[in-house]
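Visitor:
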Amino acid sequence: MDPVARKHDVIIMGGGLAGLTLAIQLRQRFDDIDVLVIERRAHPVPHAAHKVGESSVEIGAHYFDTVLGLKEHMQTKQLRKFGFRFFNSEGKRDLDQVTEIGARRFLRVPSYQIDRGIFENFLAEEAVRLGASVVDDAMVRQIDLAGDAANAGGSSGVRDSQPLHRVTWTQGEATHTAEARWIVDACGRAGLIKRKLGLAEANAHDVNAAWFRIGEHIDVDQWVDNKDWRALCNPQSRWLSTNHMCGTGYWTWLIPLASGSHSVGIVADPKLHPLETYNTFEKAMDWLQKWQPSVFDKLDGKRHLLQDFLFLRHFSHGCKQVFSGQRWALTGDAGLFLDPFYSPGSDFIAMSNCYITDLIAHDRAGESIEARAQLYDQLYHSFYESTLALYQDQYPIFGDPEVLPVKVIWDYTYYWAVLAQIFFHNRLTDLAMLGSVKEELQHCQKLNIAMQNFLRAWSERTTKRNPAVMLDHAGLPWFVDLNSSLYDTLDDAAFRQRLRDGTDLLRRLATEIYDRSEAHRPEPEGMLLRALVDQKMTTAPAAAAQGTLLFEALQH
Ligand SMILES: Cc1cc2nc3c(=O)[nH]c(=O)nc-3n(C[C@H](O)[C@H](O)[C@H](O)COP(=O)(O)OP(=O)(O)OC[C@H]3O[C@@H](n4cnc5c(N)ncnc54)[C@H](O)[C@@H]3O)c2cc1C
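According to my numbering, the sequence shown is numbered sequentially starting from 80.
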């Protein structure tokens, strides 16, 4: 046992993706901050077969390459992702004979496929280079929060009136104690503070997953002997996408990794595909043979290249509170996690780390942070709840080639027009600004919930035609522009207008989707959606652009 507890400004428990990126962010922001990261695993960690969380989307990617300035690593040591790609390929062997949703070319704002082993080794080195203390092969054993009876007497070197949090950790045979003004739980599913304070909160989104890595790339482009089909994409690199092989109640992911391996996963609603049908590698292969035979065909000869196999039941979870004015916080999986269908895990890490960094900045400036922590917690939870609506009870839609393309367009528009604008334009912590667009944000949230209910009910009525067509996102100019607009520079007035335009865009899109559904329109969901679209708002609508928003090629 250390004779005297070492004192730090911040102790981060868990040096995975969330903990290491937070350490980097803190050291970049405050050159005199003392940060200790305690990580259970020994470094360097293995490449490829390390952790899930390999596909990133725009917010998470922007956090890594721009906010943290890790562009060189992302561009040279990881793979640029060729966006999402969805195939309605259940029971099919020819990918060129089914409906494909995805872009023919790269859009402007990049995202990455992340080999988590390569990334975490790099992040740990970077955190140390920037001046953080990172101890690996070390285990947090006990936490005494400031104010706990067990922690009476600890005091801060900075402001002696407030007690410090205390952490007891071990490394080999040695036991250490450390104290800090701030303590952050980045322990992933171990959720140390969550358990201690009883913050676990179940959500109603019930899905399970199994995944494994194969030590070779899986080249989707070569699956079909059809030059014209391959030439639809430029570059002819569909394998760089996060490929979703979809069916009713599930999807299968294919994610390439820079180390040369490929990650394969099955995520399913247990009402339609019980976990017990795919929770070993052998069972997963049998399952693929039945539901996604093209994936099975390509993996069958590579069984000897299997690198690992894992599964997780009911992985989606909430958390009652993630930020506290008592100077503790939870980030990453230690807090909440939604669903990997659109890879929002690193987005939520990006947002919570930015909130935590900002709270620490206000605290260091000597300000009270009680109210601010509460507001950030509410905002973070409202982002979680509105994003949860994209997934909860929506898995049956994944097998509908008529409704899934519409849902993907809607979900993306909601993401790029609202949440991504807030993050890219650095307004996450601008409470005055977010307050001034509250009406728009709430309207978008209600519209999204009504749309998700509508899409689900609509999908119960469609004929599920699955024509051989590529629905090209890069062929929708407004969609390409919306993606590009994340890089605009906006003053306050322009940002406010941007969110109003986004609200207007969602209303137009909802109207068009409503009109398209005429042949199989569900009620009362249609009426409820229409009523929201027609609802008067106090802010003047932007000048509506003309033209259709949805794919012309899509017939309903
Ligand atoms: C099926 C599935 C698929 C997913 N796919 C994606 C995806 O494609 N994209 C995406 O962005 N996200 C995805 N996620 C979410 C992904 O898990 C998170 O984005 C990310 O891994 C969370 O990082 P983290 O740092 O919070 O947790 P972790 O990376 O798990 O890190 C936690 C760290 O804490 C350490 N630790 C635990 N207990 C202790 C202790 N007592 N003392 C010290 N250290 C400790 C662990 O060793 C670990 O390194 C997926 C999740 C699931 C379940």
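Ideal Cβ positions, reconstructed from N, Cα and C, are used throughout, including at glycine. Please read all numbers here as calculations on a predicted model, not as lab measurements.
Quick check: the Cα distance between Asn-287 and Asp-110, rounded to an integer number of angstroms?
Guide: Taking the first residue of the sequence shown as position 1, residue 287 is located at position 208. Taking the first residue of the sequence shown as position 1, residue 110 is located at position 31. Cα to Cα, the separation comes out at about 43 angstroms.
Visitor: Can you find a heavy atom of ligand 1 that lies under 6 angstroms from the Cβ of Ser-431?
Guide: The count along the sequence shown starts at 1 and reaches residue 431 at position 352. Flag unset: Cβ of Ser-431 not near ligand 1.
Visitor: Where does Met-616 sit, in a helix, a strand or coil, going by DSSP?
Guide: Along the sequence shown, read from residue 1 onward, the residue named residue 616 stands at position 537. Here Met-616 sits in coil by DSSP.
Visitor: Let me check understanding here. Comparing Cα to Cα, which of Tyr-455, Leu-611, Phe-503 lies closest to Cys-523?
Guide: Reading the sequence shown from its first residue, position 444 is the one you call residue 523. Nearest option by C-alpha distance: Leu-611.
Visitor: If Val-299 sits next to Leu-333, beta carbons under 8 angstroms apart, how far is it from one beta carbon to the other, in whole angstroms?
Guide: Within the sequence shown, residue 299 is the residue found at index 220, counting from 1. Within the sequence shown, residue 333 is the residue found at index 254, counting from 1. About 7 angstroms; that satisfies the 8 angstroms criterion.
Visitor: Could you check where the alpha helix (DSSP H) with Leu-584 kicks off and where it finishes?
Guide: Indexing the sequence shown from 1 puts residue 584 at position 505. Taken as a continuous stretch (DSSP letters only), the alpha helix (DSSP H) holding Leu-584 covers 571 to 595.
Visitor: With a 10 Å radius around its C-beta and 16 neighbouring C-beta atoms as the bar for buried, classify Thr-155 as buried or exposed.
Guide: Looking up residue 155 in the sequence shown gives position 76. By the neighbour-count rule (16 or more Cβ atoms within 10 Å), Thr-155 is not buried but exposed.
Visitor: Can you tell me where the beta strand (DSSP E) with His-352 in it begins and where it stops?
Guide: For the purposes of this step, residue 352 is taken as the residue at position 273 of the sequence shown. Counting along the chain, His-352 falls outside any beta strand (DSSP E), and DSSP gives it neither H nor E.
Visitor: How many Å lie between Leu-507 and Ala-553 at the Cα?
Guide: Within the sequence shown, numbered from 1, the residue matching residue 507 stands at position 428. Within the sequence shown, numbered from 1, the residue matching residue 553 stands at position 474. Cα-Cα distance, rounded: 28 angstroms.
Visitor: What span of residues does the alpha helix (DSSP H) with Ala-127 cover, start to end?
Guide: Within the sequence shown, numbered from 1, the residue matching residue 127 stands at position 48. Premise fails: Ala-127 is in no alpha helix (DSSP H) and is neither H nor E.
Visitor: Can you tell me whether Trp-261 is buried or exposed, with buried defined as 16 or more other CB within 10 angstroms of its CB?
Guide: For the purposes of this step, residue 261 is identified with residue 182 of the sequence shown, where counting begins at 1. Buried.
Visitor: What residues in its chain sit with their C-beta under 6 angstroms from that of Leu-367, if we drop five residues either side in the sequence?
Guide: Counting from 1 along the sequence shown, the entry for residue 367 is found at position 288. Closer than 6 angstroms at the Cβ level, and outside the excluded window around Leu-367, lie Val-374, Phe-375.
Visitor: Quick one: complete alpha helix (DSSP H) runs, 4+ long, within the stretch 146 to 175?
Guide: Fully enclosed alpha helix (DSSP H) runs of 4 or longer: 150 to 156.
Visitor: If we count the other Cβ atoms within 10 Å of its Cβ and call it buried at 16 or more, is Val-487 buried or exposed?
Guide: For the purposes of this step, residue 487 is taken as residue 408 along the sequence shown, with counting starting at 1. With 16 or more other Cβ atoms within 10 Å, it is buried.
Visitor: Rounded to the nearest angstrom, how far is the Cβ of Val-219 from that of Leu-149, given a contact under 8 angstroms?
Guide: Counting from 1 along the sequence shown, the entry for residue 219 is found at position 140. Counting from 1 along the sequence shown, the entry for residue 149 is found at position 70. Between Leu-149 and Val-219 the Cβ distance is about 26 angstroms, and since that is not below 8 angstroms, they are no contact.
Visitor: Are Ala-127 and Arg-245 touching if we call contact CB-CB under 7 angstroms?
Guide: If you number the sequence shown from 1, residue 127 lands on position 48. If you number the sequence shown from 1, residue 245 lands on position 166. Contact: no.
Visitor: Buried or exposed: which applies to Ser-340, given that a residue is buried once 16 or more other Cβ atoms fall within 10 Å of its Cβ?
Guide: Here residue 340 is taken as the residue at index 261 of the sequence shown, counted from 1. Counting Cβ neighbours within 10 Å, Ser-340 comes out buried, since at least 16 surround it.
Visitor: Mapping the DSSP letters down to three states, classify Gly-554 as helix, strand or coil.
Guide: Position 475 of the sequence shown holds residue 554. Looking at Gly-554 - three-state DSSP - the assignment turns out to be helix.
Visitor: Can you list, in chain order, the residues of its chain with a C-beta nearer than 8 angstroms to that of Leu-569? Leave out the 5 residues immediately preceding and following it.
Guide: Your numbering for residue 569 matches position 490 in the sequence shown. Correct list, in chain order: His-504, Arg-577.
Visitor: For the stretch 348 to 366 and the stretch 376 to 385, state whether three or more C-beta atom pairs, one from each stretch, are separated by less than 8 angstroms.
Guide: The stretch 348 to 366, when compared against the stretch 376 to 385, does touch it at the 8 angstroms Cβ threshold.
Visitor: Is any non-hydrogen atom of ligand 1 found closer than 6 angstroms to the C-beta of Lys-130, if you look at the structure I gave you?
Guide: Here residue 130 refers to the residue found at position 51 when the sequence shown is read from its first residue. Flag set: Cβ of Lys-130 near ligand 1.
Visitor: Between which two residues does the alpha helix (DSSP H) harbouring Tyr-459 extend?
Guide: Translated into the one-based positions of the sequence shown, residue 459 becomes position 380. Per DSSP, Tyr-459 belongs to the alpha helix (DSSP H) from 449 to 467.
Visitor: Using 8 angstroms as the Cβ pair cut-off and three pairs as the minimum, do the stretch 422 to 429 and the stretch 115 to 135 touch?
Guide: The stretch 422 to 429, when compared against the stretch 115 to 135, does touch it at the 8 angstroms Cβ threshold.
Visitor: How is Cys-325 classed by DSSP in three states: helix, strand or coil?
Guide: The sequence position of residue 325 within the sequence shown is 246, counting from 1. Strand at Cys-325.
Visitor: Closer than 6 angstroms: is that where the CB of Ser-425 sits relative to any heavy atom of ligand 1?
Guide: On the sequence shown, position 346 is the one that residue 425 refers to. True, at least one ligand heavy atom lies under 6 angstroms from that Cβ.
Visitor: Quick check: the Cα distance between Asp-472 and Arg-544, rounded to an integer number of angstroms?
Guide: For the purposes of this step, residue 472 is taken as residue 393 along the sequence shown, with counting starting at 1. For the purposes of this step, residue 544 is taken as residue 465 along the sequence shown, with counting starting at 1. Whole-angstrom Cα-Cα distance: 22 angstroms.
Visitor: Sort Ile-592, Phe-185, Ile-439, Pro-372 by Cα distance to Ala-408 and report the nearest one.
Guide: For the purposes of this step, residue 408 is taken as the residue at position 329 of the sequence shown. Selected option, being the one with the closest Cα: Ile-439.
Visitor: With three or more C-beta pairs closer than 8 angstroms as the rule, is the stretch 445 to 457 touching the stretch 389 to 405?
Guide: Verdict: yes, contact present.
Visitor: Please report how far the alpha carbon of Arg-63 lies from the alpha carbon of Ala-337, in whole angstroms.
Guide: Lying outside 80 to 635, the shown extent of the chain, residue 63 is not represented and no answer is given.
Visitor: Go ahead and pull the three-state DSSP assignment for Ser-234.
Guide: On the sequence shown, position 155 is the one that residue 234 refers to. In this prediction, Ser-234 has a pLDDT of 44, which is less than 50 and means its spatial position is unreliable; what the coordinates show is noted afterwards. Coil, per DSSP.
Visitor: Using only the heavy atoms of ligand 1, determine whether one of them is closer than 6 angstroms to the beta carbon of Arg-579.
Guide: In the sequence shown, the residue the question calls residue 579 occupies position 500. Because no heavy atom of ligand 1 lies under 6 angstroms away, the Cβ of Arg-579 does not count as near it: no.
Visitor: Which term fits Leu-147, buried or exposed, when burial requires 16 or more other beta carbons within 10 angstroms of its beta carbon?
Guide: Walking along the sequence shown from the start, residue 147 turns up at place 68. Buried is the call here.
Visitor: Can we count Leu-629 as close to ligand 1, meaning its CB is less than 6 angstroms from some heavy atom?
Guide: The residue given as residue 629 occupies position 550 in the sequence shown. Leu-629 Cβ: outside cutoff for every heavy atom of ligand 1.
Visitor: For a cutoff of 7 angstroms on Cβ pairs, would you count Val-286 as touching chain D?
Guide: The structure shown contains no chain D, having only a single protein chain.
Visitor: Using a threshold of 7 angstroms, state whether the C-beta atoms of His-284 and Ser-395 are closer than that.
Guide: Residue numbering aside, residue 284 sits at position 205 when the sequence shown is read from its first letter. Residue numbering aside, residue 395 sits at position 316 when the sequence shown is read from its first letter. Yes, these two residues count as a Cβ contact at 7 angstroms.
Visitor: Taking Arg-106 as the reference, give the member of Gly-445, Thr-436, Leu-633 with the closest Cα.
Guide: One-based indexing of the sequence shown puts residue 106 at position 27. Considering only alpha carbons, the answer is Thr-436.
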